[in-house]
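Read the sequence shown against the working numbering and you will find it ends at 321, with the numbers running on by one and no gaps.
Virtual Cβ for every residue (Gly too), placed ideally from N, Cα, C.
Here the structure comes first, spelled out in structure tokens, and everything after it is commentary.
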Amino acid sequence: MSSMADRNPMSRKGFDKLKADLDHLESVEMPRITEKIATAREEGDLKENAEYHGARETQGMIQAKIHAIKSKLSRAYIIDPASIDQSVVGFFATITVEDLDMDEEDTYTLVGNGEEDFMNNKILIDSPMAQSLLGHKVGDVVPIEAPKGTYELKILKIEYNLD
159 MSSMADRNPM
169 SRKGFDKLKA
179 DLDHLESVEM
189 PRITEKIATA
199 REEGDLKENA
209 EYHGARETQG
219 MIQAKIHAIK
229 SKLSRAYIID
239 PASIDQSVVG
249 FFATITVEDL
259 DMDEEDTYTL
269 VGNGEEDFMN
279 NKILIDSPMA
289 QSLLGHKVGD
299 VVPIEAPKGT
309 YELKILKIEY
319 NLD
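In structure tokens, the structure reads:
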């Protein structure tokens, strides 16, 4: 039995992307690196075989990625866009906020694991900032705890693009 904290909310698109990444790692990358290891092993003395050791290191990194993705998928639950209250900040929301301390506006989209993209302001739904904003409405001023201290964001706009 897993608690809600152990669950991993995501969209169908995010789930499918992680599944495709896993399939690629298992069906393309692992066989390729296994073949490289076998070829390098045939070259003899493994103590001084840089190609062998490099391939083994790469194999370990691929196995770690596979394990991480499987863990995310095993805890995943897909959010049904139809079940979302669009009057408040929630999963899939694109929100425009004003940082009251800096007098700056920013727009963020709250996404699930595998969909985050910090360059495009797509932040994880379980990030501290997103968690603070969840359930709030336009006009609310929300205190955000950050390593640099607490700051306040005013919610200016909430949009949902559920395509």
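Query: Kindly confirm or deny that the stretch 220–232 and the stretch 244–255 touch, where touching means at least three C-beta pairs closer than 8 Å.; Result: no
Query: Quick check on I195: does DSSP put it in helix, strand or coil?; Result: helix
Query: For the structure I just gave you, are there three or more beta carbon pairs, one from the stretch 270–280 and one from the stretch 168–186, closer than 8 Å?; Result: yes
Query: Return the chain-ordered ranges of every beta strand (DSSP E) run that is complete within the stretch 218–278 and spans a minimum of 3 residues.; Result: 234–236, 251–257, 262–269
Query: So, for M168: in the same chain, excluding its five sequence neighbours on each side, which residues have a beta-carbon less than 6 Å away from its beta-carbon?; Result: A234, G270, N271
Query: Consult DSSP for E317 and reduce its assignment to one of helix, strand or coil.; Result: strand
Query: Would you list the one or two residues that DSSP bridges to I286?; Result: Reading the sequence as shown, one finds Pro at residue 286 and not Ile. Paired residues: none, contrary to the question.
Query: Are three or more beta carbon pairs between the stretch 199–211 and the stretch 289–306 nearer than 8 Å?; Result: no
Query: Please report the straight-line C-alpha distance between K280 and G172, rounded to a whole angstrom.; Result: 12 Å
Query: What would DSSP say about E310, mapped onto helix, strand or coil?; Result: strand
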